[in-house]
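> Quick one: the structure is below, and I'll ask about it shortly.
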Amino acid sequence: MQKRKASADELIALILQGIEEVKGIDINLLDLREIENTVCDYFIICNGTSNTHVNAIVSSIQKTVSKAIKDKPWHIEGEDNAEWILMDYVNVVVHVFQKHIREFYDIEGLWGDAKVIEVENSINQ
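Under UniProt numbering, the first residue of the sequence shown carries the number 1, and numbering increases by one thereafter.
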């Protein structure tokens, strides 16, 4: 099967679908395109309730993206302790946290100039 190049919007939609399938919590999309010298165009940030939940979110994202567009992350970091797993899809970087780690590092606060879009899902409603 041939891998095809997906648009950023399609990749983001698939990542969000993967997060929502296993009930990821507090999903935010940070648009970094207007900020100079960023490493990517978008951050997607969410959290899980435990190491197991964080791993399940990451696995769901990988399966959803791979099945739909035959793409996989360029790099994954943090799987050993599953408190903060970073998935690098080059122009989209996904951060999956445990709640206390997310609050401590405050990625949204560090990237305060980014446009933040809160993603509504069944957990947030």
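Glycine included, every Cβ here is placed at the ideal spot set by N, Cα and C.
In this text the structure is predicted, and so the values were computed from the model without any measurement.
Below 8 angstroms, how does it come out for the stretch 11 to 22 and the stretch 65 to 82: are there three or more Cβ pairs, yes or no?
Contact holds: three or more Cβ-Cβ distances are below 8 angstroms.
> Below 8 angstroms, can you find three or more Cβ-Cβ pairs linking the stretch 21 to 32 to the stretch 77 to 84?
Cβ pair count under 8 angstroms is below three, so no.
> Check residue 42 in the structure and name its three-state DSSP category.
Residue 42 falls in the strand class under three-state DSSP.
> Tell me where the beta strand (DSSP E) around residue 9 begins and ends.
Not the beta strand (DSSP E): residue 9 falls in the alpha helix (DSSP H), residues 8 to 21.
> What is the DSSP secondary structure of residue 99, counted as helix, strand or coil?
Correct three-state label for residue 99: helix.
> What residues are listed by DSSP as bridge partners for residue 111?
Answer is none; residue 111 lacks a bridge partner.
> Tell me which residue opens and which closes the beta strand (DSSP E) that residue 85 is part of.
From DSSP, the beta strand (DSSP E) with residue 85 extends over 84 to 88.
> If you run the structure through DSSP and keep just helix, strand and coil, what is residue 125?
Its pLDDT being 42, under 50, residue 125 is placed unreliably in this model, and the value from its coordinates should be taken loosely. In this structure, residue 125 counts as coil in the three-state DSSP scheme.
> When we look at the beta-carbon of residue 47 and count the other beta-carbons within 10 Å, is it buried (16 or more) or exposed?
Buried, because 16 or more other Cβ atoms sit within 10 Å of the Cβ of residue 47.
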